[in-house]
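For the sequence shown, my numbering begins at 94 and goes up steadily by one.
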Amino acid sequence: MQTPSGACHSPPVAPVVMRQRGTSTKGMPGMKRIGVGTAMRVFWRSQRRARPEKHADPHLRTYPGFLSDEQGSLVIFAMFLFVAMLLVGGVAVDLARYEATRAELQSTLDRAVLAAASLSQSAEPEDVVLDYFARANLDAYIDPNDISSEVTLVSRRVAAEASMEMGTTFMRLLGINSLHTPSAGTAEESAGLTEVSLVLDVSGSMGDWSYSGGDSKIAILREAATEFVNILMCDPSDPSKTTNCVVEPDTVSITMVPYAQQVLAGENILDQLTVTEEHQESSCITFDPDDFNDVAIDPTVTYKRTGNFDKAWWRDYPDDRYLECRT
């Protein structure tokens, strides 16, 4: 209410007495008994009547207690909390998708390199890896240049790399539009310690001319055997290499077993056995039929040394190519 002088004041409010049940207002002049509900209604009505009138100027329209009013503050906090929960949950969803994608890519790569590195695999390692990715619909995420292989007679090693970009759904709200998914794998299969026995024919016919090879058969055999040994024991990529070998020492053992009519054992082996001493021209042993009943050779048993003779009876002169035990 506004006075003639322009000052505003609140109208007088009649005092209200609220009594509890069991109390009395006797001896209190002017006091009236009312209930709690009635008292509250009277209180709020008096507060509404006490509110000031709005000023004509909108910039001066203020209400007492506006700055201290806390109604609705929890809603604002809940909105911020909801946004934070949405971001955390969204990041978890994107990370779960990322891990599923990475696991699929890595699993395909592992299977591909394992199949390509198998010693029984006849296809090229690069073709095997690319075929695995094509069947999994992931061929767009691997480059043939990222596939490497090393193949020898006793080992096979294959390595490959793949990668993809996975688009995010919720993390882009934080400025992260994609996640890089790398994958790499290497597989190798080797025979470990390898033992090879070369059984070479050195009979008389090997001295004949080979029209396809342009040399004698025995000369071609010697050249091929030498290259084979160099490949196994030195460098699989260079058959002529005998130094600076890439093959680890003591991993390959090669035994040569030359034979004609009989197998040439060599004097080093015969020195470990007991044989007859008719001559020293050759080092072959003639076994009796009973000797084949046992696989082992008894060093205490005396074996017969094979005679040094030419078995071609139609010639009256000896020919070293047709000796019974060629050296």
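Ideal Cβ positions, reconstructed from N, Cα and C, are used throughout, including at glycine. None of the values given here were measured: they were computed from a predicted structure.
Query	Result
For Val356, which beta-bridge partners are listed by DSSP?	Tyr352
Pull up the distance between the alpha-carbon of Ser375 and that of Gly400, whole angstroms please.	8 Å
Grab me the residues of Ile313's own chain with a C-beta within less than 7 Å of its C-beta, minus the 5 sequence neighbours each way, in chain order.	Ser303, Gly306
Let me check understanding here. Comparing Cα to Cα, which of Thr395, Met259, Ala253 lies closest to Asp187?	Met259
Along the chain, where does the beta strand (DSSP E) containing Met178 start, and where does it finish?	Looking at the DSSP string, Met178 is not in any beta strand (DSSP E); the run it does join, the alpha helix (DSSP H), is 166-209.
Cα separation between Lys334 and Thr261?	55 Å
So, helix, strand or coil for Lys397, using DSSP?	strand
Is it buried or exposed for Ser276, if we count other Cβ within 10 angstroms and need 16 for buried?	buried
Under 9 Å between the Cβ atoms of Thr269 and Ala255?	For the sequence presented, residue 269 should be read as Ile rather than Thr. No, these two residues do not count as a Cβ contact at 9 Å.
Are at least three pairs of beta-carbons, each pair with one atom in the stretch 167-185 and one in the stretch 241-253, less than 8 Å apart?	no
Helix, strand or coil for Asn386, going by three-state DSSP, please let me know.	helix
What is the residue span of the alpha helix (DSSP H) that Asp224 lies within?	218-228
Would you please state the rounded distance, in angstroms, between the beta carbons of Ile311 and Met326? I believe it to be under 8 Å.	Their Cβ separation, rounded to whole angstroms, is 22 Å, which puts Ile311 and Met326 out of contact at 8 Å.
Exposed or buried, what is Leu416 when buried is set at 16 or more other beta-carbons lying within 10 Å of its beta-carbon?	buried
Express the C-alpha separation of Val289 and Glu320 in angstroms, rounding to a whole number.	14 Å
What first and last residue would you give for the beta strand (DSSP E) that runs through Asn238?	235-244
For the pair the stretch 189-200 and the stretch 211-218, tell me if three or more CB-CB distances fall below 8 Å.	no
Tell me the start and end of each unbroken alpha helix (DSSP H) in the stretch 285-338 that is at least 4 residues and wholly inside, in chain order.	310-326
Assign Asp403 to one of three DSSP states: helix, strand, or coil.	strand
From the DSSP output, in three-state form, read off Arg249 for me.	strand
Pop quiz: Leu272 and Gly183 are said to be a contact at Cβ under 8 Å. What is the actual Cβ separation, rounded to whole angstroms?	Wrong, their Cβ atoms sit about 13 Å apart, outside the cutoff.
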